[in-house]
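The structure appears below as structure tokens.
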Amino acid sequence: MSGSDDDFIPTEAPVDSPPAHNLRRRPSERTSEVVPPRSAKKPRYEPKTTQTRIPTNLRSILALKKSLTKKLRGTAITESLSLRVCKAAFLMQENYLLEKRKTSTKNGRKVKPARIQARICELFGISPLTYCAILSSYLKDRAAYASGKLGDGRSGNKSAKETRIPDTSGVQILVREFIRGKCAKRERVTARQVLDYLVSVNIISVETGEDGVMIPKAFATAYRSVQRWLKKNFYNCCRRTGNLVMKESVILHKHRFLRRFWANRNALPEEQLREVMLDESYIHQHYHRNDDSLWDPNDEQDIQVGKVPGKGRRYCFAAAIQGANPRVAVAIENQDKAGLIDGTVWSFCPQKKGDHTGDYHKVFTGKNFVAWFRDKLLPNLRQPSLIMMDNAKYHLVYGDDVPKPSKMKKEECLTFLQMNQVEILERATAVELKALVKNNIRENVAFECERLAKEQGHEVLLTPPYHSDLQPIELVWAMVKGGVGCQYNNETTLELVHQRLLAQFDHLQTSGHDSIAGMIKKCAETSLKLFQELENDEVDSEDDEEGDSEDDDSKISDGTDLEEAPPEDVEEPWTEMEEI
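For the sequence shown, position 406 (counting from the first letter as 1) is numbered 406 according to full-length UniProt numbering, and the numbering increases by one without interruption.
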């Protein structure tokens with residue numbers, strides 16, 4: 001044994017020469033250490049201290065922008081801000097000149113104008129006059145511009161001033177209804193007509209002379225105020241594009257609905273049918289009302305953790321409401337008041353395994369709707385009623401005993417048409433026969449809901465398309481879904497949504513009589529306006545016809561046009577021209 005203090009180093013054992021190509025992995029020297037498996041997830045990104053997060057949704061950005069604009073309104077332009085404006089302008093000009101130098105020799109391509117002044121004014125929130133003052137001060141004297149007479153900032157009242165035309169929702173609704181009525185009659189409407197209307201409803205006043213005509217100077221100031229108000233509320237005076245025109249079939253359907261609805265309301269109390277409205281809707285699991293929730297845009301610690309959840313699964317539901325009993329002068333009992341009809345609430349989740357599959361537009365079919373209509377709605381109607389519903393496809397289905405033309409063979413079509421005494425063309429094809437069968441069924445066979453309602457003394461009235469403002473149950477859905485959405489939080493489940501939905505219906509059934517009565521009254525007022533417009537159009541058309549007939553009689557009685565009038569047996573050449 002060596003007596004030195006050096007560490008003992010064992011002699012290495014002889015090692016065979018390794019092969020030329022050794023493909024085996026070498027064993028790890030640390031066999032006792034357990035290596036954790038590598039995770040498939042990416043390592044968490046730690047943001048740097050020099051970075052900050054900006055909201056990614058438009059609502060937050062607009063709110064922050066609005067708050068910042070209010071804070072900047074009336075603030076002074078300091079020397080520091082002026083120098084930053086100058087630096088930004090010079091930097092943008094430098095980038096523009098460099099880009100122009102690069103692209104000037106490439107195929108003659110031109111560089112777009114930099115628009116430095118417009119961009120600087122937009123980014124810094126200053127006016128073009130202030131921008132010019134800042135740049136001029138620095139370019140001439142190399143001095144920083146500061147606002148105020150002595151450069152000590154602005155002074156005065158920075159709060160919003162009272163405008164001549166009140167900027168309230170009431171005035172906005174009045175002007176909107178006025179312009180909408182003019183456009184419906186295809187009348188020209190300008191700021192002058194709006195000014196006259198605001199004067200007539202005592203919104204603004206304009207000084208007039210002894211002859212009752214507006215004084216030119218007073219008219220000019222009022223007219224300018226109206227123009228500013230219209231511009232502030234985003235009204236346009238250019239040519240309209242994409243205007244919606246109602247189809248004649250929809251207009252005809254609307255007229256029929258209004259006539260039947262008001263014929264029932266204007267009848268004697270003992271002859272009136274009680275109004276019933278039904279509809280279907282749905283609500284998602286993550287439906288919420290956080291859009292009108294309070295939040296502080298200046299609170300930097302108010303950070304929403306995680307992604308916003310999607311809509312989630314949905315619960316579909318259907319129900320029916322009814323108006324007050326028209327045969328009772330004063331409703332005391334709940335059954336005589338307006339409200340939710342007992343036993344008509346039907347709710348289910350289509351995504352759950354069961355009898356209902358598909359989305360909202362598939363779960364409500366003609367089969368299950370007719371079953372609900374027959375078993376839930378009709379047994380709970382205690383008096384003859386006028387049942388109003390929309391034109392959904394599953395509402396307009398026929399009974400099982402009515403043949404389906406699309407599935408009928410040619411011989412079956414011939415037999416059906418012969419039994420119903422329909423004239424058949426010789427050598428008619430199967431397509432033509434099916435069309436005849438379809439038309440015959442449409443004209444002579446009632447829908448299953450209409451047939452079931454008529455058997456029990458009720459009547460079905462279909463609301464016109466695109467007129468949801470005539471259905472008060474749409475307002476009921478807004479109230480029910482709003483009550484559920486106000487209770488939403490991160491722990492809300494689909495079953496909890498269902499419980500809250502049923503609780504809203506229970507509350508509506510026990511204490512929602514006045515609310516439903518108000519909704520029915522609101523929709524009735526809307527239909528009354530449409531009905532009065534319909535009657536006024538009829539009166540105007542009758543007056544026009546009488547005026548035309550009087551003009552024709554006067555021409556014949558005067559004898560001035562007798563020579564020019566063509567004889568009865570001679571064809572009028574202009575008739576064919578008009579038809580062509």
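All C-beta atoms, glycine included, are put in the ideal place defined by N, C-alpha and C.
Of the other Cβ atoms in all chains shown, 16 or more fall within 10 Å of the Cβ of I203; this residue is therefore buried. M388 and A267 have their C-alpha atoms some 18 Å from each other.
Between F257 and T463, the gap from beta carbon to beta carbon is short of 8 Å.
One alpha carbon belongs to T429, the other to I251, and they sit about 35 Å apart. Taken atom to atom, the span from the alpha-carbon of L381 to that of Q499 is near 26 Å. For the stretch 385-415, not one full-length alpha helix (DSSP H) segment reaches 4 residues or more. Assignment of H458 by DSSP, reduced to helix, strand and coil, places it in the coil class. Contact between the stretch 277-288 and the stretch 311-326 is present, with at least three C-beta pairs closer than 8 Å. Here DSSP, grouped into helix, strand and coil, assigns V363 to helix. Spanning the alpha carbons of K71 and E99 requires a straight line of approximately 36 Å.
Contact check for F447 and L396: beta-carbon distance about 5 Å, within the 8 Å limit, so the pair qualifies. The three-state secondary structure of D167, taken from DSSP, is coil. Counting every other CB atom within 10 Å of its CB across the protein chains shown gives D390 a total of 16 or more, marking it as buried.
Below 8 Å, too few C-beta pairs join the stretch 227-234 and the stretch 419-435 to call them touching: fewer than three. By a beta-carbon distance limit of 8 Å, F369 does not contact Y398. Their separation comes to about 13 Å.
Its chain contains V194 as the residues whose beta carbon lies nearer than 7 Å to that of V175, once the 5 sequence neighbours on both sides are disregarded; these appear in chain order. At the C-beta level, Q504 and G339 stay beyond 8 Å of one another.
Excluding the 5 residues flanking it on each side, H286 has same chain C-beta neighbours closer than 8 Å at P309, G310, K311, G312, Y488 and T492, in chain order. Taking all protein chains in view, the Cβ of T190 is surrounded by fewer than 16 other Cβ atoms within 10 Å, so the residue is classified as exposed. For D279, the enclosing beta strand (DSSP E) has its first and last residue at R274 to H284. Within the stretch 417-465, the complete alpha helix (DSSP H) runs of at least 4 residues fall at 430-444 and 448-455. Around the Cβ of L294, a 10 Å sphere holds fewer than 16 other Cβ atoms; the residue is exposed. For F261, the number of other beta carbons within 10 angstroms of its own is at least 16, and it is reported as buried.
Around the beta carbon of T344, 16 or more other beta carbons lie within 10 angstroms, which makes this residue buried. Between K231 and R239, the alpha-carbon positions lie close to 16 Å from each other.
Boundaries of the alpha helix (DSSP H) harbouring S225: P216 to K232, taken from the DSSP string. Here S406 is exposed. Its C-beta has fewer than 16 other C-beta atoms within 10 Å. By the C-beta density criterion, R192 is exposed, having fewer than 16 other C-beta atoms within 10 angstroms. Of all C-beta pairs linking the stretch 83-95 to the stretch 111-127, three or more are shorter than 8 Å, placing the two stretches in contact. Residue range R314 to Q322 is occupied by the beta strand (DSSP E) that includes I321. In its chain, beyond the 5 residues on either side, I321, A338 and G339 have a beta carbon closer than 6 Å to the beta carbon of I516.
The alpha carbon of D400 has as its nearest neighbour, out of R180, H253, T69 and K367, the alpha carbon of K367. By the neighbour-count definition (other C-beta atoms within 10 Å, threshold 16), Y466 is an exposed residue. Per DSSP, the beta bridge partners of G339 are Q322.
Around the C-beta of T221, fewer than 16 other C-beta atoms lie within 10 Å, and the residue is accordingly described as exposed. Shown here, S293 sits in coil according to DSSP, grouped into three states, outside any helix or strand.
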